[in-house]
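The numbers in our numbering rise by one with no breaks, and the one at position 57 of the sequence shown is 85. Where is the CB? At the ideal position from N, CA and C, for every residue including glycine.
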Amino acid sequence: MRQQGNTMDQAALLRHRLHNQGIAGPRLATPADVVGWMGAVQAQDYLGALWGIGLRMETATEADVEQALADRTIVRTWPMRGTLHFVPAEDARWMLALLTPKVVAGSARRYSELGLDDATFARSRDVFAEALQGGKQLTRAELGQTLEAAGISPAGQRLYHILGRLAQEGMICFGVRRGRQQTFVLLDEWLPATRQPVRDEALAELARRYMTSHGPATDRDFAWWTGLTLGEARAALELAGPQLAQEDIDGQTHWWSPSTTVNDDLDATAWLLPAYDEYTVGYTDRSALLDPPGEAYVASGHSILFPSVVIDGKVVATWRRTVKKHSIVIELNPFAPLSAAEMQLVGAAADRYGAFFGLPAEVKR
């Protein structure tokens, strides 16, 4: 692990992150390239996550990213922190095996509250195996009906937790949308068999990918992102050590990949990031993203994990969209007044967003 000098301030840190995250840096060709580079892309907001992939591509549309799901080069499941992510298809099994046991163990109390014991999960596995075999894709509602027909109540949050548990065990995953409804499939039918790395190899690979795509970042950031314990995260960084550099930034050790070259003279650009984008959600410490107006916004109880506007690496506003018949309206909530030049940058970002979804976009303050 190479030790660098103390040369990086917060502005440089943000430039590196924008570049390494594929936002300001060289864009990638395919959805699989993006998800593979990032390691995983948080995806509980489905349409937002499609855009999170698309904005990191040279050119992309919503249909392009959904085609990658249909082509089975990326897959949506619950690999870490009990949260939905897109992951590379070839990595889904080992990520689930590495990261979900802690999540399942941590859910024991909630399972008990819902009356979900080992026998119920075992019966649910049998029901889903029969219902989905042969390449069938069923919606959440349809799977709930199959459980009910078998005498297993899907009421309340029971169905959600059954689906999540069986996905975390690697039995099921998401298929492709049927209209606006998500479907589920048997993972072993949906994805081809792939080589499974041993634990240390998996830990090292995850650390390398995270620090290459999200760095500079701390061991606590990596532990947060993966759901690993801090001790496990530090062990993973040691295993990945020869491929990473570390540097002290504001008194904290940060890891990153020295193989990437960052342009220190980025053109002024705005980006419309989706909710839970990796640029905002991928770190436990998000203070570097905020100027004083943003700090005041967060201190008043708001979150920057909602759709956000980023200019020069800083989150300067949140935004929301309204889809009309012939356009998308982007409404801004700036933390401080935006200049005419900044509004021009936001307008250009909105144009790219609209192109992704196939509609012209207009910006309202």
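- Put simply, the backbone Cα of ILE190 is about 9 Å away from that of ARG153.
- The residue from GLY64, SER328, ASP73 and GLU141 with its alpha-carbon nearest to that of MET123 is GLY64.
- With the rule of 3 Cβ pairs closer than 8 Å, the stretch 280 to 288 does not count as touching the stretch 349 to 356.
- The Cβ atoms of ALA245 and LEU265 lie no closer than 8 Å to each other.
- Here ASP145 is exposed. Its C-beta has fewer than 16 other C-beta atoms within 10 Å.
- Take GLN165, set aside five residues on each side of it, and the residues of its chain with a beta-carbon closer than 8 Å to its own are GLY203, VAL204, ARG206, THR211, PHE212 and VAL213, in chain order.
- Along the stretch 150 to 209, the alpha helix (DSSP H) occurs as fully enclosed runs of 4 or more residues at 168 to 177 and 186 to 196, listed in sequence order.
- Taken in chain order, the complete beta strand (DSSP E) segments of 3 or more residues contained in the stretch 65 to 121 are 102 to 108 and 111 to 116.
- For SER241, the enclosing alpha helix (DSSP H) covers residues 227 to 242.
- Separation of the CB atoms of LEU126 and ARG227 is rounded to 7 Å, and the pair is thereby assigned contact status at 8 Å.
- Distance check between VAL343 and each of LEU317, GLY329 and HIS330 places LEU317 closest, using alpha-carbon atoms only.
- Across the structure, LEU267 and ALA232 are spaced so that their CA atoms are roughly 5 Å apart.
- Proximity of the stretch 268 to 279 to the stretch 318 to 336 falls short of the contact definition, fewer than three beta-carbon pairs being nearer than 8 Å.
- If you ignore the 5 residues before and after GLY310, its C-beta comes within less than 6 Å of the C-beta of HIS242 and TRP253, all in its own chain and listed in chain order.
- With a threshold of 16 other beta carbon atoms within 10 Å, GLN196 meets it and is buried.
- In the assembly as shown, LEU256 is a buried residue. Its beta-carbon has 16 or more other beta-carbons within 10 Å.
- VAL338 sits away from LEU360, with the two beta carbons spaced by 8 Å or more.
- Judged by DSSP secondary structure, PHE212 falls within the beta strand (DSSP E) whose first and last residues are 211 to 214.
- Annotation: the continuous alpha helix (DSSP H) that includes THR254 extends over 247 to 254.
- Take the alpha-carbon of GLY386 and the one of THR89: they are about 7 Å apart.
- Annotation: PRO286 to MET66 spans about 16 Å, alpha carbon to alpha carbon.
- In this chain, the alpha helix (DSSP H) harbouring HIS44 covers 38 to 48.
- With respect to GLY110, GLY53 sits apart: the two C-beta atoms are not nearer than 8 Å.
- Where GLN274 is concerned, the enclosing beta strand (DSSP E) starts and stops at 273 to 277.
- Bounds of the beta strand (DSSP E) holding SER336 are 336 to 339.
- As DSSP reads the structure, GLU390 sits in a beta bridge with VAL357.
- Apart from the 5 residues on each side of it in sequence, ALA71 sits with its Cβ closer than 7 Å to the Cβ of ALA77, ARG104, LEU112, HIS113 and PHE114 in its chain, given in chain order.
- PHE156 and LEU219 have their C-alpha atoms spaced approximately 17 Å apart.
- Comparing C-alpha distances from ARG237 to each of GLY184, ASN48 and LEU41 shows the shortest one belongs to ASN48.
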